[in-house]
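**Q** For the sequence shown, the residue numbers in our numbering are 59 to 544. We treat Cβ as the ideally placed atom computed from N, Cα and C, and that holds for glycine. The model shown is predicted, which means the values in this text are computed figures rather than measured ones. Submitted below is the structure of interest, expressed as C-alpha cells.
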Amino acid sequence: MALMQMLRFPIWRKKSPIQLLLASGMCGVATNIRVRVLNVTHVQPAQTTNLPRHGAMIKLSPFDTCFLALRPAQVLFFYDGTSLPPFPSLVSLLRVSLGATLGIFAPFAGKVTACSDDHDVVIDCSPDPGVKFVEAEYSGDAADMRRLARDKEHDTEAFLQLVPELEVGRLPAPAFAVQVTRPADGGGAVAVGVVMHHAVADGQSLWQFMRAWSTMSQEGSLAVALAPTFDRTGILRHPKAEAAARNLARFSAPELPKVNRFPDPDWRRQSPRTYLLTAGQIKSLKQRILFLQSQATTKNGDGPPEPPTTYVAIASLLWTSIVRARSVNSAATLDDEYLSFPADYRRRLHPPLEPGFFGNCIKVHYVRATTSDLVCRSVNNDNGLVRAAAGFGRAMREHVEKEDPLGDADRWVEMIQGLTRERLMVLGGSNRHMMYEVDFGWGQPRRVEFILNTTLLGASGGAVYVSVNLHRDHVDTFEANFLSHV
59 MALMQMLRFP
69 IWRKKSPIQL
79 LLASGMCGVA
89 TNIRVRVLNV
99 THVQPAQTTN
109 LPRHGAMIKL
119 SPFDTCFLAL
129 RPAQVLFFYD
139 GTSLPPFPSL
149 VSLLRVSLGA
159 TLGIFAPFAG
169 KVTACSDDHD
179 VVIDCSPDPG
189 VKFVEAEYSG
199 DAADMRRLAR
209 DKEHDTEAFL
219 QLVPELEVGR
229 LPAPAFAVQV
239 TRPADGGGAV
249 AVGVVMHHAV
259 ADGQSLWQFM
269 RAWSTMSQEG
279 SLAVALAPTF
289 DRTGILRHPK
299 AEAAARNLAR
309 FSAPELPKVN
319 RFPDPDWRRQ
329 SPRTYLLTAG
339 QIKSLKQRIL
349 FLQSQATTKN
359 GDGPPEPPTT
369 YVAIASLLWT
379 SIVRARSVNS
389 AATLDDEYLS
399 FPADYRRRLH
409 PPLEPGFFGN
419 CIKVHYVRAT
429 TSDLVCRSVN
439 NDNGLVRAAA
449 GFGRAMREHV
459 EKEDPLGDAD
469 RWVEMIQGLT
479 RERLMVLGGS
489 NRHMMYEVDF
499 GWGQPRRVEF
509 ILNTTLLGAS
519 GGAVYVSVNL
529 HRDHVDTFEA
539 NFLSHV
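Right, dumping it as C-alpha cells:
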C-alpha cells in the first residue's frame, strides 16, 4: 500500500547504518516505552492446502521487486466494547484462526530471500519458523487505549509500538508478523497490529488476507469466495519483465543479501490526522465537481463530462487542500505539483490475472498541475478542485486505460531515481479496501490506520476514512481547506 515512500527519498547507497538511522529521524525512537512484550511465539500453517503451482518458491515480478527497499506496511486495528473476550481467549482464537488461514495463504508464512547470484529474489513459502506472534501490554488502561482509537490526531509514538518489528534490511526477511496488545488493566480494549513485507503483497492482497483471517476467526471456516493464487507467470511472460525484476533488485540490493532500505519518514515533524467522510458528504462533493466541470465544458463547447468516482473526488480535494496549505504564505507559482496514485492491473493485463491473485500488481501513475492551477485564494472558487479532477481523468485515459503496464519496465529504476520531489503528494489505499469490516468475532474495528501514510479506506454505508500525514506547520490550514468543502 503505500508504495510510495520510495518517491520521497533517494536510495542512500554509500552511507553507514548509523548515518541512515540519524537521517531517517528514527534514532532514539524508544525514549518513551509504552508497550512491554509479554510473549513471542511463531504461528505455522495448521495444514498447508494451497502451495504455489511450482513448489515452495515464488519468483518475484517487477511489481514485487519495486517494493523491495520500502519500509514494511504497518496496519493497526483498534477494538473495544463489552463483546471482547478475555485476553487469553482472544489470543488463542487469533492464533488458531491465523494458523488455519496461513494454510491457504502460504506466502505470508514464508520469507523473502535471494536464490542466486543474478539477483533473482523469491518468496520462500517454507513455514520455518512461521509468522512471529507477539503478545504485549500497553502502559495505559482501557480508557487510554480507547482515546488512541478516537483522537483525530494520531499518537504516532504509541502507534509504532503497537505493531511488531519486521526486519527487512537483510534477506531472508520475514513476510508477515502480528502483535496483539491489551491495556494495563487487562480488558475493555485491544489493538491488533500487523506488518507486511511489501515485496510479498499489495493493499488489495492484504485486504484479501485480513478478510479471510477474520472470517475464519468469526465463523470457524475458511469459506473464502476466491482461493488465493500466487502464479506470476502471466506477468513474467512479458518480454521486459524478468530483466526489469533483476534491475530493480540490483537497485535496491546491490550487495545481496543486504537491502539498502529507503529511510523512514521523521514522524516527530508530522501531525497525522484521520477524517470520516460520510456517504452524503461524498455525494455532495462529487455533485459539486460535476456541476463545475459541466459549466466549463459547456463554455468550451465540449461534451458532457463523466461523473467523478469517489476515489477521484476525494483525492482531488486532498491534493488541492495540501497544496493550498503549503502555499498559504507564498504566492502561487508555475512550479509543477505531482500526485501519485496506485493503479491495480489485475484485470488490465492481457490476459488478466486470475481473480484471486495474491501478490503485487499495481503501478504508480502521476497527475501533474502547477501550483497556481490548484491554489485559489477565493473561498468560493473551486477551479483548483475541478482542475485536479480533470487531471485525474486525463491520467486514467492516457495511461491506466491504454498503456501496456510493463512497456516501460526497463526504465522504472530511472523513473524512481528522478522522482525525489518535494512537491509530491503520495496517496495509498483505496475506498474499495474495506478494512473497517475486519471483524474477528467481537465487532468491527473502532479505527484502522496504515501508519505514517496518506490513505483512503472504505467503511460501511459508503463512508470513507481519510488519513493524512502532513508537516505540523501545514496541518491546521489543510484541515480548514479540506473540511470547508465537505
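Secondary structure at residue 379, three-state DSSP: helix, strand or coil?
**A** Secondary structure of residue 379 (DSSP, three-state): helix.
**Q** Excluding sequence positions up to five away, which residues of its chain have a Cβ less than 6 Å from the Cβ of residue 499?
**A** 275 and 276
**Q** Between 485, 296, 111 and 191, which lies nearest to residue 155 when the distance is taken from Cα to Cα?
**A** 191
**Q** Check whether the segment 229-245 touches the segment 310-327, taking contact to mean three or more Cβ pairs, one atom from each stretch, closer than 8 Å.
**A** yes
**Q** Pair every Cβ in the segment 490-507 with every Cβ in the segment 346-357, then say whether three or more of these pairs are closer than 8 Å.
**A** no
**Q** Using only CA atoms, which one of 199, 387 and 333 lies nearest to residue 375?
**A** 333
**Q** Which residue marks the beginning of the beta strand (DSSP E) containing residue 191, and which one marks its end?
**A** 189-196
**Q** Consult DSSP for residue 454 and reduce its assignment to one of helix, strand or coil.
**A** If DSSP states are grouped into helix, strand and coil, residue 454 belongs with the helices.
**Q** With burial defined as no fewer than 16 other Cβ atoms inside 10 Å of the residue's Cβ, what is the status of residue 127: buried or exposed?
**A** buried
**Q** Nearest to residue 325 by CA position, among 410, 181, 272 and 510, is which residue?
**A** 510
**Q** Identify whether residue 277 lies in helix, strand or coil by the three-state DSSP scheme.
**A** Helix at residue 277.
**Q** For a test of the three-state rule: what should DSSP assign to residue 81, helix, strand or coil?
**A** A caution first: residue 81 carries a pLDDT of 32, below 50, which makes its placement in the model unreliable, though a value can still be read off. Residue state, collapsed to three classes: helix.
**Q** If we call anything under 9 Å between Cβ atoms a contact, is residue 372 one with residue 420?
**A** no
**Q** Find the nearest neighbour of residue 164 within the set 285, 279, 237 and 394, judged by alpha-carbon distance.
**A** 285
**Q** With distances taken Cα to Cα, identify the nearest neighbour of residue 118 among 411, 145, 365 and 173.
**A** 173
**Q** Is the segment 217-224 close to the segment 263-274, with three or more CB pairs under 8 Å?
**A** no
**Q** Looking only at its own chain, which residues have a Cβ that is under 6 Å from the Cβ of residue 513, when we skip the five neighbours before and after it?
**A** Excluding positions up to five away in sequence, the list reads 486, 487 and 525.
**Q** Let me confirm a value: residue 475 is counted as buried when at least 16 other C-beta atoms fall within 10 Å, else exposed. Which label applies?
**A** exposed
**Q** Look up residue 344 in the DSSP assignment and say whether it is helix, strand or coil.
**A** Helix.
**Q** Smallest Cα separation from residue 150: which of 99, 214 and 246?
**A** 99
**Q** Please tell me whether residue 511 has its Cβ less than 9 Å away from any Cβ of chain B.
**A** The chain inventory of the structure shown lacks chain B, comprising one protein chain alone.
**Q** Using a threshold of 9 Å, state whether the C-beta atoms of residue 337 and residue 125 are closer than that.
**A** no
**Q** Nearest by alpha-carbon distance to residue 107: which of 136, 146, 159 and 138 is it?
**A** 159
**Q** Which same chain residues end up closer than 8 Å to residue 364 when comparing Cβ atoms and leaving out the 5 residues on each side of it in sequence?
**A** 451
**Q** Could you pull the start and end residues of the alpha helix (DSSP H) that residue 97 belongs to?
**A** Segment 93-101 is the beta strand (DSSP E) holding residue 97; no alpha helix (DSSP H) there.
**Q** What are the boundary residues of the alpha helix (DSSP H) that includes residue 294?
**A** 291-294
**Q** Pick from 208, 202 and 234: whose alpha carbon is nearest that of residue 186?
**A** 234
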